[in-house]
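Worksheet: the structure to be examined is printed underneath.
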Amino acid sequence: MSTLLISDLHLHPGAPAITDGFLAWLDGRAREAEAIYILGDFFEAWIGDDLLDLGDADPSGTAALAARIAAALQARSEAGTAVYLMHGNRDFLLGERFAEAAGATLLPDPSVVTLGDERVLLMHGDSLCTRDEAYMAFRAQARDPQWQARILAMPIPERLALARQLRDQSGEANSNKAEDIMDVTPDEVTAALREHGVTTLIHGHTHRPAVHELDLDGIPARRYVLGDWQPDRGWEIEIAAGQPPVLRDFPLEG
């Protein structure tokens, strides 16, 4: 059996084709997997696990979408596929309540896990983009437990409005940034590999799918970058025992 890794689906009610494609993938490719890892930005935005309480009372449809996704993941988990979730820069408020509803385990970012026959470093990838100083300042704030507690104490309509505001600000800011600033910093990649004593890194975030061959102090290493899902196409990495990771894209089926 193999392990499948995905990232950056950015699920939201306005992209039903990606939701349908993910559910088809979950009931198809993922059915034969020993485990699936979702490496962040699973949702376009997440304002707190109490969103699940709204159900159909949420006019945006996000609560109903979240419940549908959680139920599908729970079913896959109960069928024998382990499900792991990692926070991204869009859904850093995902909590244990959603994980429990989804039959999933929340992983810290970064995490080292054994996949196939190898120890592999898993990250969302945003912490590697240190040249984007403005984003790194926001990231530090957004990961602060006191800041998160203040946000989660706000009424849900205010949190929804804040999420829209942050998305708009992020899109405007990114449109004015050089492309290399929003990519990983090479020295941060090698530092992370050294720190964790591994030669393979898998991450998402940058939306630049590729396999990068590296030289880590004279030892061959690799960095695998997952792509972001589009209405007609998804990305995955498959790892089987005795085989190197395989990065592939595939057409989505609704």
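Quick note: the sequence shown uses full-length UniProt numbering, first residue 1, plus one each step.
Note that the Cβ used here is the ideal one computed from N, Cα and C, for glycine as well.
I'd like to check one pair, residue j with residue i: are the Cβ atoms closer than 7 Å?
i	j	result
D109	F42	no
L107	Y84	yes
E34	M1	yes
P245	I239	yes
G40	S77	no
L73	A63	no
A149	I47	no
A45	I36	no
D183	T206	yes
G125	H10	no
L52	A66	yes
P13	G61	yes
R131	T185	yes
L94	S111	no
residue 257	L193	Only positions 1 to 254 of the chain appear in this structure, which leaves residue 257 out of reach.
I237	L26	no
I'd like the span of the alpha helix (DSSP H) that includes residue i, first residue to last.
i	result
H196	186 to 196
D27	16 to 27
A241	Element bounds for A241: n/a, residue is neither H nor E.
I152	In the sequence as presented, Ile is not what sits at residue 152; that position holds Leu. Element bounds for L152: 145 to 152.
A221	Premise fails: A221 lies in the beta strand (DSSP E), 219 to 225, not in any alpha helix (DSSP H).
M1	Note, M1: premise wrong, no alpha helix (DSSP H); not H, not E.
E213	Careful: E213 lies outside any alpha helix (DSSP H), inside the beta strand (DSSP E) at 210 to 216.
A140	133 to 142
A104	It is not in any alpha helix (DSSP H) - A104 instead sits in the beta strand (DSSP E) that spans 104 to 107.
A90	Residue 90 is actually Arg in this sequence, not Ala. Element bounds for R90: n/a, residue is neither H nor E.
R97	96 to 101
Cα-Cα, which of the options is closest to residue i?
i	options	result
residue 256	L9, P157, W229	The structure shown does not extend to residue 256, since the chain is modelled only from 1 to 254, so the question has no answer here.
L252	S60, D8, I18	I18
T3	A72, R222, V113	V113
V211	W235, A191, G218	W235
D50	D132, D126, E96, R167	E96
L166	P13, D27, D56, N89	N89
R248	T105, L160, R208, E213	R208
I38	A79, A102, R68	A102
T105	A70, W229, S127, A191	A70
F98	A191, A79, T81, R68	R68
I219	T190, W229, E32	T190
A79	I151, D56, G28, C129	G28
T81	M154, E32, L214	E32
W229	Q243, F250, A153	F250
For the beta strand (DSSP E) that residue i lies in, which residues bound it at each end?
i	result
F42	Element bounds for F42: n/a, residue is neither H nor E.
A70	Element bounds for A70: not the beta strand (DSSP E) but the alpha helix (DSSP H), 62 to 78.
R119	118 to 122
A82	82 to 86
L115	111 to 115
H203	200 to 203
I want to see whether chain D comes within less than 7 Å of residue i, judged by CB atoms only; does it?
i	result
F43	In the structure shown, chain D does not exist; there is a single protein chain.
query = Touching or not, the segment 20 to 29 and the segment 125 to 142, by the rule of three or more beta carbon pairs under 8 Å?
reply = no
message = Does the segment 193 to 210 come into contact with the segment 111 to 123, if we say contact requires no fewer than three beta-carbon pairs (one atom in each stretch) closer than 8 Å?
response = yes
inquiry  = Between the segment 143 to 160 and the segment 214 to 224, can you find at least three pairs of beta-carbon atoms closer than 8 Å?
reply    = In this structure the segment 214 to 224 does not lie against the segment 143 to 160, because fewer than three pairs of beta carbons, one per stretch, are closer than 8 Å.
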